[in-house]
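What follows is a set of notes on a single structure, which appears directly below.
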Amino acid sequence: QILNKHPEIDAIIHTGDLAQAPTPITYKRYIQYMQTLGLPFFQTLGNHDNVDHFPLHKENHQEPVVICLGNWRIILLNSAVKGHIDGHLSAEQLENLTTLLEEYADNPILL
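Shown next, in the form of structure tokens:
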């Protein structure tokens, strides 16, 4: 329905807490559904997500992800902490963010 109402959508960005129950089957269903939309999709895990069960996470899932859409730079940060419900950004993540903000200072940025 959303794609019918907004055909101009270039990508979908899901910013954490991808599943009510963070289990492998739930994440599998999420990915299968997202793939049916025919659009690039990106996500970052939130404080309620389980990195061990999410199949698309990188080995170093704390690195920021930069998405370039036109002139925009969208920076995704992972606040998930294994074994904790509260989120956290490490000093290293904040340093990486500072570097990216300097690198893309001439672009509009969405965090």
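Counting from 1 along the sequence shown, just add 88 to a position and that's the residue number in this note's numbering. C-beta: ideal position from N, C-alpha, C; glycine also.
Length of the line joining the Cα atoms of residue i and residue j
i, j, result
"isoleucine 119", "alanine 193", "33 Å"
"leucine 164", "histidine 176", "14 Å"
"arginine 117", "proline 152", "25 Å"
"glutamine 123", "isoleucine 197", "26 Å"
"threonine 111", "cysteine 156", "30 Å"
"lysine 170", "aspartate 98", "32 Å"
"glutamine 108", "tyrosine 121", "15 Å"
"histidine 78", "lysine 93", "Outside the displayed span of the chain (89 to 199) sits residue 78, for which this structure offers no information."
"tyrosine 115", "asparagine 159", "31 Å"
"leucine 199", "leucine 125", "24 Å"
Residue i - partner residues in DSSP beta bridges
i, result
"phenylalanine 142", "None, per the DSSP bridge assignment."
"histidine 102", "Gln131"
Delimiting residues of the alpha helix (DSSP H) encompassing residue i
i, result
"leucine 182", "179 to 191"
"glutamine 108", "Per DSSP, glutamine 108 belongs to no alpha helix (DSSP H) and is neither H nor E."
"asparagine 195", "It is not in any alpha helix (DSSP H) - asparagine 195 carries neither H nor E in the DSSP assignment."
"leucine 91", "90 to 93"
Host beta strand (DSSP E) of residue i (start-end)
i, result
"leucine 157", "153 to 157"
"leucine 164", "160 to 164"
Exposed unless 16 or more other CB atoms sit within 10 angstroms - verdict on residue i
i, result
"alanine 179", "exposed"
"proline 143", "exposed"
"leucine 182", "exposed"
"leucine 106", "buried"
"aspartate 137", "buried"
"asparagine 244", "The chain is shown only over 89 to 199; residue 244 falls outside these bounds and no answer can be derived."
Problem - Three CB pairs or more closer than 8 Å across the stretch 182 to 193 and the stretch 122 to 134 - result: no
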